[in-house]
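Numbering (the working numbering), first residue to last: 14 to 333. So the structure is just underneath, and the comments pick up after that.
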């Protein structure tokens, strides 16, 4: 277990997941939390990351920093997505090792799994098929992060006592999300659209696609709790439930809903009373993306916040 006075570095503390991890750690009584903004520390700069670890000497690292975005952003900036994410992971994980950090948690993404992976997607589906083309560069980078952790464990685990772990969240939403009109994910995009339609008294909101695809969503504070839960697991327990070359753990809500059901839920949360239509000429994406979270459930973790409550809390907290 982590001692309350240990120094914990949360990389990406201003992002949705990183800020939730900081909130959760503070709520558990941890006070020695090291953070840096992007302006203060560019994680793609190897020398800067090396200097940070030499000066700060953290005991633990949560690697939540990443360049993220929706389909449009991934399609438009593939070089940025693969380069920046690879560099951040490589620099932080390697310098953590050089700096004597014994425990690190890397946060990945459900897009690491093949486009046509059997549903629900289990950890064993990794590297068994072709990735979704629109976000392949980002997925490749996230897979590399998992393999960096595993490789350092395999080479240096016994000799240096390191224990680097990975968690793979499903689609996340909540405080700190990105509401950019083009680069946001589905929930913030819908919240923005329904809010603006409510304010302008627009009678109809059109949602991309048929509404039939199914997606799973997890409130970000649940993800933060799961991250700390996995980090705090005794090593022998973690090892019993993972393998040296398949060590990541899925974190999902446990059930999914259709995009049509999601649109209804967002309309309700934002107070939009108009009509919802769908545009089947627009792409649907994968028909279903549901995580198999049996591994983390069997270890004793469960989500606490359902979608309706999570959407209402998210919307109420926005300065709109």
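Each residue gets a CB set at the ideal place from its N, CA and C atoms; glycine is no exception. These numbers were taken from a predicted model, which means no experiment stands behind them.
Where residue i sits in the DSSP three-state scheme
i           : result
residue 181 : strand
residue 262 : strand
residue 172 : helix
residue 292 : strand
residue 125 : helix
residue 24  : strand
residue 73  : strand
residue 256 : strand
residue 49  : coil
residue 167 : helix
residue 232 : strand
residue 117 : strand
residue 318 : coil
residue 186 : strand
residue 218 : strand
Cut-off 6 Å between Cβ atoms - residues of its own chain near residue i, not counting five sequence neighbours on either side
i           : result
residue 78  : 24, 25, 56, 101
residue 300 : 226
Inter-residue Cα distance where the pair is residue i and residue j
i           : j           : result
residue 88  : residue 128 : 16 Å
residue 136 : residue 193 : 31 Å
residue 162 : residue 175 : 10 Å
residue 126 : residue 144 : 7 Å
residue 276 : residue 289 : 8 Å
residue 248 : residue 170 : 11 Å
residue 285 : residue 327 : 15 Å
residue 309 : residue 266 : 11 Å
Chain-order list of residues whose beta-carbon lies under 7 Å from that of residue i (same chain, five-residue window excluded)
i           : result
residue 153 : 95
residue 238 : 37
residue 27  : 50
Cβ separation of residue i and residue j, assumed to be a contact under 8 Å, to the nearest whole Å
i           : j           : result
residue 315 : residue 244 : So it is not a contact: roughly 17 Å between Cβ atoms.
residue 228 : residue 191 : Not confirmed; about 17 Å, so no contact.
residue 33  : residue 233 : 4 Å
residue 320 : residue 278 : 6 Å
Proximity test, residue i beta-carbon vs the ligand SAM heavy atom, cut-off 8 Å
i           : result
residue 216 : This structure does not include the ligand SAM; it has no bound ligands of any sort.
Own chain partners of residue i with C-beta closer than 8 Å, once the 5 adjacent residues on each side are dropped
i           : result
residue 386 : This structure does not reach residue 386, given that the chain is present from 14 up to 333, and the question cannot be answered.
Three or more C-beta pairs below 8 Å linking the segment 241-258 and the segment 217-226: The segment 241-258, when compared against the segment 217-226, does not touch it at the 8 Å Cβ threshold.
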